[in-house]
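Structure first, commentary second.
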Amino acid sequence: MPIARALAAVVLAAVVLSARPAAASVVARVDQSAQRMQVYVGGVLAYDWPVSTARRGFVTPNGQFRVGLMAPMWRSRKYHGSPMPYAMFYSGGYAIHGTYAVGALGRRASHGCIRLHPAHARELFQLTRAYGGTRVVIRN
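The sequence shown lines up with residues -24 to -1, 1 to 116 when you count with mature numbering (1 follows the signal peptide of the UniProt record, and there is no 0).
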């Protein structure tokens, strides 16, 4: 009987592990000069979206980061409780999040965060959860 239980536990573990693609990874590449984000899943381009990064007088830091804290709805403590749907923090107070100012996407408009259309932010948020993280690469 103990062998049957052990075998059942191994089979269950294999099913659970196969439900999440372990080898695949998510990378969000942000090109500030083009105001675009390209999202790669397992090395394959999956999405190409317009973004808004820091406007004049503010900074979106360049570099490579990992997504840390994630919240389906966050309110900015620094900017009067502004809504930040599908917030994914990658460096201190900097985050990728949805914006309701969708008309500004494709040009610099933020205080430093990377803004996306709410539907795109939701998709990236879900991918990040499903694959256990996202690497964020920001340039220019």
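In this text, a Cβ means the ideal position worked out from N, Cα and C, and glycines have one as well.
Member of the options whose CA lies at the smallest distance from the CA of residue i
{"i": "F101", "options": "A47, N116, D7", "result": "A47"}
{"i": "residue 126", "options": "V3, D7, V27", "result": "Shown here, the chain extends from -24 to 116; a query on residue 126 therefore has no answer."}
{"i": "R31", "options": "G44, K54, I90", "result": "I90"}
{"i": "Q11", "options": "S67, S52, A85, G19", "result": "A85"}
{"i": "P94", "options": "T110, W25, R53", "result": "W25"}
{"i": "G19", "options": "S1, H87, Y62", "result": "S1"}
{"i": "M13", "options": "K54, P61, M60, H73", "result": "H73"}
{"i": "V78", "options": "V3, Y23, T29", "result": "T29"}
Exposed unless 16 or more other CB atoms sit within 10 angstroms - verdict on residue i
{"i": "H56", "result": "exposed"}
{"i": "G44", "result": "exposed"}
{"i": "G108", "result": "exposed"}
{"i": "Y76", "result": "exposed"}
{"i": "G33", "result": "exposed"}
Straight-line Cα distance separating residue j from residue i
{"i": "G69", "j": "R115", "result": "18 Å"}
{"i": "L103", "j": "V35", "result": "26 Å"}
{"i": "A71", "j": "L21", "result": "22 Å"}
{"i": "R5", "j": "R111", "result": "8 Å"}
{"i": "M49", "j": "M64", "result": "10 Å"}
{"i": "G88", "j": "Y16", "result": "23 Å"}
Residue i CB to nearest heavy atom of the ligand HEM below 7 Å
{"i": "H93", "result": "The model depicted lacks the ligand HEM and carries no ligand whatsoever."}
Contact check, residue i vs residue j, beta carbons under 8 Å
{"i": "S58", "j": "S67", "result": "no"}
{"i": "V113", "j": "Q40", "result": "yes"}
{"i": "Y62", "j": "R98", "result": "yes"}
Contacts around residue i, its chain only, beta-carbon distance under 7 Å, and the 5 residues preceding and following it disregarded
{"i": "G82", "result": "Q11, P26"}
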